[in-house]
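*Asks:* Sharing a structure with you now.
Number of protein chains: 2
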Amino acid sequence: MTEFGLSPIQATARDDAVLKALAGFVMREALGPGQRLPTERILAERLKVSRNTVREALTRWEGLGLVERRQGSGTYLKGVVSLDMLHMPLTLAGGNDFTSLMQTLEIRRALEAEAAALCAIRADQAEIAEIARKLDIMEQAFHTRAGMSAEEDWEFHQSIYRSSGNPLFEQIIAAMHELFHRFWEHPLGVRDFGHASFPYHRTIYERIAAHDPEGARAEALKLIATVEDDLKRGAAKLELSGQK
Amino acid sequence: MTEFGLSPIQATARDDAVLKALAGFVMREALGPGQRLPTERILAERLKVSRNTVREALTRWEGLGLVERRQGSGTYLKGVVSLDMLHMPLTLAGGNDFTSLMQTLEIRRALEAEAAALCAIRADQAEIAEIARKLDIMEQAFHTRAGMSAEEDWEFHQSIYRSSGNPLFEQIIAAMHELFHRFWEHPLGVRDFGHASFPYHRTIYERIAAHDPEGARAEALKLIATVEDDLKRGAAKLELSGQK
DNA sequence: ATGCAGAAATTGGTTGGACCATTGAGCCAT
DNA sequence: ATGGCTCAATGGTCCAACCAATTTCTGCAT
């Protein structure tokens, strides 16, 4: 194990100090997403605080999505960490009913369209190629597995958000995506979900590749519209079958 | 101390289970902001988990701004808690620079335009009247106080979000607004900030009152564009004066 | 009785040490 | 090579204290 450039902490407000020290360490070592950071035991020893304090600090970062813990393996960076970060935790009440889903879709419509337009403006050749790659993977999965391509679908969209030049798009939409997953994992019997949206993935890509922001925005809006339709169909079915 | 309706927890993923149980407890007891919740020691005893686990769970909620801890006093609710909450922690890397501000503005542009459009579709007469009232107040404040109408300006926008039929708009934009305030409270020497955007408030209102969603969207976009220009001017000034 | 200072109880914050559960790497027999 | 096994490393949980800030109670002086 190498020598970590970490020095002890002093007064109260330990866990904040721990996070500050850790952020500094991450910056000095130029650690990025995916990389492992020191074990809790080592951090506790180097910073001269108890392991519990280190754990509370890391729990904070985990809650902010900055870090991921894997038991038996280690703690890994999930995002970019810097000393001067601003946190904006949003908690939205409501969640699992049809209305809430439609409301999040309205937000997503706004963001998805804007992200696609920005991407069409800003994406360079490498980024466009990456999007094309994700699109190919998705289309291939769609055909071989008869429409079960949710994971690949999501990765395609993510590649667009990443190329929008604004990381907030991915952060916000990712949170909503999680909500959607939780919702139609087991309930809601719309099997062909997403089929209708399939063709628009390619049209979005084409508008982005052509650096046509308004075209990309329009295609993104069409895609979301099909999802909304699917959702309404699913809700209607639930209504009929008498469920709540 | 009353009898808490809390039952033991079972398997792994303790802290999540703790939060679920706590959320259920808060709902059953109909606890609201400002009220104190049970001691960590009591929670640990009732839920049959260690106090450490309770603390990690509460640390999560504290990070989300749902709860506030006061040493020697207790843990108090800060927001509304329910079982089906969606958490959306956003992190702005390097929070106080020009880039971060522009990024939040891009998000706001997307949401503001969509909210204005939805409002034009859905707002009823009473809501339109309320928006008109806020607009009058704002314009009057603008003229009497020579442009210092930030508070009234914000209330005008809020009234639009509220009439969009989707509470998420207000929640998300409000979080960003708070962030903005913290930023240009003292730094950034653009005095005439917001002057350029003034006329568009009335045009937005007129398009909403006319139930013209695309018109409202277009005017909202113009307004945000003026804010972006102001921001760029401010950044250019900082650049000139040699600050970082 | 009243008011206030000091003691005591309450409560979140921290510590250190122990053990469990999962992971991953190295080893060994096949 | 391959498959299974062992074992060390690592995060997850627990316990039992003690510290620090706050609140509440107590009792004395007025």
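These protein sequence lines map, in sequence, to chains A and B. Just so we're aligned: 232 in our numbering is position 232 of the first sequence, and the numbers increase by one with no gaps anywhere. Just so we're aligned: 391 in our numbering is position 147 of the second sequence, and the numbers increase by one with no gaps anywhere. For glycine and all other residues, C-beta sits at the position ideal for the given N, C-alpha and C. Since this is a predicted model, take the numbers as computed values, not measurements.
1) Please state the DSSP three-state secondary structure of PRO89(A).
2) Distance check for GLY63(A) and GLY34(A), CA to CA, integer angstroms please.
3) Going along chain B in order, which residues have a C-beta closer than 9 Å to the C-beta of GLU206(A)?
4) Please list, in chain order, all residues of the same chain as GLY281(A) whose beta carbon is under 7 Å from its beta carbon, the five residues on each side excluded.
5) Give the secondary structure of LEU308(B) by DSSP, where H, G and I count as helix, E and B as strand, and everything else as coil.
6) Does the CB of VAL248(A) have a neighbour CB from chain B at under 8 Å?
7) With H, G and I counted as helix, E and B as strand and the rest as coil, what does DSSP make of GLY24(A)?
8) With distance defined between alpha-carbon atoms, name the residue in ALA354(B), SER441(B) and ARG314(B) nearest to MET382(B).
9) Between the region 405 to 417 of chain B and chain A, which residues of the former have a C-beta closer than 9 Å to a C-beta of the latter?
10) For GLN347(B), does the count of other Cβ atoms within 10 angstroms reach 16, so buried, or fall short, so exposed?
11) Can you tell me whether THR75(A) is helix, strand or coil according to DSSP?
12) Taking only the alpha-carbon atoms, compute the straight-line gap between GLU450(B) and HIS195(A) and give it to the nearest angstrom.
13) Taking only beta carbons into account, state which residues of the region 22 to 36 of chain A come closer than 9 Å to chain B, listed in chain order.
14) How is LEU281(B) classed by DSSP in three states: helix, strand or coil?
15) Closer than 6 Å by C-beta to VAL26(A): which residues in its own chain qualify, once you throw out the five before and the five after it? Chain order, please.
16) Would you kindly work out how many angstroms separate the C-alpha atoms of SER50(A) and LEU19(A), rounded to a whole number?
17) Which class does ARG108(A) belong to by DSSP, given the choice of helix, strand or coil?
18) If you run the structure through DSSP and keep just helix, strand and coil, what is ARG229(B)?
19) Taking the alpha-carbon positions, what's the ALA469(B) to ARG446(B) distance?
20) In three-state terms, what does DSSP make of PRO431(B)?
21) Rounded to whole angstroms, what's the CA-CA distance from TYR444(B) to LEU22(A)? Just pull it up for me.
22) Would you list, in chain order, the members of the region 61 to 79 of chain A that have their beta-carbon closer than 7 Å to a beta-carbon of chain B?
23) Could you tell me the distance, in whole angstroms, from the CA atom of ILE42(A) to the CA atom of ALA57(A)?
*Replies:* Result, derived from the coordinates:
1) strand
2) 17 Å
3) Residues of chain B passing the Cβ test: none, with the nearest at roughly 22 Å.
4) Any property of residue 281(A) remains undetermined from this structure, which presents chain A solely from 1 to 244.
5) coil
6) Residue numbering for chain A in the displayed model covers 1 to 244; residue 248(A) lies beyond these limits and cannot be assessed.
7) helix
8) SER441(B)
9) SER408, GLY409, ASN410, PRO411, LEU412, PHE413, GLN415 and ILE416
10) buried
11) strand
12) 40 Å
13) none
14) strand
15) VAL81
16) 14 Å
17) helix
18) Nothing can be reported for residue 229(B): it is not among the residues displayed for chain B, which extend from 245 to 488.
19) 16 Å
20) Confidence at PRO431(B) is low in this model, with a pLDDT of 45, below 50, so the placement of that residue should be treated as unreliable; the coordinate-derived value is given next. Here PRO431(B) sits in coil by DSSP.
21) 46 Å
22) GLY63, LEU64, GLY65, LEU66 and GLY79
23) 14 Å
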